[in-house]
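>
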Amino acid sequence: MTTRRPRAEDFLELVERGRRGRLKLYIGFAAGVGKTFRMLEEAHALKARGVDVVLGFVETHGREETEALVAGLELVPRQRVSYRDVTVEEMDLDAVLARRPQVAIVDELAHTNLPVCRNRKRYQDVQELLAAGINVIGAFNVQHLESLNDLVERNTGVTVRETLPDSFLKTADQVVNLDLAVEDLHERLKAGKIYAPDKVPHALERFFTGDNLSTLRELALREVAESLDRATAGRQALLGEDASQKGGAWGRVLVALSSHPPRAATLLRRGSRMAGRLNTDWFVVYVETPREAPHLIDAEAQRHLLTNIEKAKELGAEVVRLRSGDPVAALLDFARSHGVGHIIIGRSNQAKWRQRLGLTADARLLREGEGFDIHVVSFESHEEKRP
């Protein structure tokens, strides 16, 4: 797949349209594909056109070709932050806001800031810059998308600790995929252009195996294709066309959330991915039964529920809380009145006799949910596939 290389002036046209900052994202499938290099190239091109551009945070990882491109660009000094006897250099958000450039370059958006920083994640720093009217060009690798977390771990054996929500990606005005043949990336790695020579053998044996890189490359290509579909639908809506004909015609997505599910994050990521592929809205619905009233539910279950609701919002869902003595009936009533086409629910872990008699929520949805596509997620199968 060949991705057209957008020109610096393409992004400049977006910059000049509105007061809120515009966001351009470079996505790669692994370290070393050239995200930072391309951002710095674009920064030079914008500067040559008279645009006020600064480097908010750039990580060169000691790569000579990348470091050479930093020269000639204004760099906002990093902020040295100490926490528990550890000192780290973070992006100085307040300094970038005070400097107020037209465009700021910000690398490694999934990075987790030290707890003493104002925002927990760097992408949240970027959201502040955008709200202040500063345009941002940023980068991250596809495996850091929250909704792909389970999929990446299951297929590559790699656990990704730092993530950013899909809702952030969906706010981007431009998304560029930096594609590179796996063989070419291996050559760059062996030539010492990504990591120090002593780290290369370990990288080739672990993260940089051919199968892992091929999987991540496919995910990156698919993600950018879906972003293009969303952008096309957005343009159709602005023109008064029926943007729902592509994905929305298949119905919205609903994720059924219980008060203390064992694998709620898996359900939420599945819902986010499905809604993204269909280019449609999605809901996370929690039905509070009389036994689960706030004064009856235990503290741990309440904590899990609140955590899952916040995660759902991060992933871009509309969270709905209903009250009913019959959760299945409430879910189906909501689905019918809100244009839902797909219902996602976890496989029940209730007593075997209830499952055999078809009394569990998943069995009842399959039986009573005529007109809906019911997706029952088996958490056990996810665990078995993990290394």
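Residues 1 to 387 in the UniProt record's numbering are what the sequence shown spells out, letter by letter. Heads up, the beta-carbon is just placed ideally off N, CA and C, and yes, glycines get one too.
Using beta-carbon positions only, say whether Arg99 and Glu90 come within less than 8 Å of one another.
no
> Leaving out the 5 sequence neighbours to the left and right, which residues in its chain are closer than 7 Å to Gln102 when beta-carbon positions are compared?
Val15, Val51, Asp52, Val53 and Asn135
> Kindly give me the distance between the Cβ atoms of Leu180 and Val33, rounded to whole angstroms, as I take these residues to be in contact under 8 Å.
5 Å
> Using DSSP with H/G/I as helix, E/B as strand and the rest coil, what is Lys170?
Look at Lys170 here: in three-state DSSP terms it is helix.
> Report yes if the CB atom of Gly325 is closer than 8 Å to the CB atom of Asn141, and no otherwise.
In this structure, Gly325 lies away from Asn141, with their beta-carbon atoms at least 8 Å apart.
> Mind reading off the beta-carbon distance from Ile343 to Leu254? Whole number of angstroms is fine, and I expect it under 8 Å.
5 Å
> When the distance is taken between beta carbons, is Ser272 closer than 8 Å to Ser147?
yes
> Once DSSP output is grouped into helix, strand and coil, what is the label at Leu268?
helix
> Are Val320 and Ala312 close, meaning C-beta to C-beta below 8 Å?
no
> In the structure shown, what three-state DSSP assignment does Gln102 receive?
coil
> Can you tell me which of Asn308, Thr87, Glu288 and Thr360 puts its alpha carbon nearest to the alpha carbon of Arg269?
Nearest option by C-alpha distance: Asn308.
> Just to check my reading of the structure: Gly133 and Gly21 have Cβ atoms closer than 8 Å, yes? What is that Cβ distance to the nearest angstrom?
5 Å
> Threshold first: 4 residues or longer. Then list the alpha helix (DSSP H) segments lying entirely within the segment 27-72, N to C.
35-48 and 64-70
> Rounded to a whole number of angstroms, what is the C-alpha to C-alpha distance between Leu69 and Ala139?
16 Å
> Is the CB-CB distance between Val224 and Leu257 below 8 Å?
Cβ atoms of Val224 and Leu257: not closer than 8 Å.
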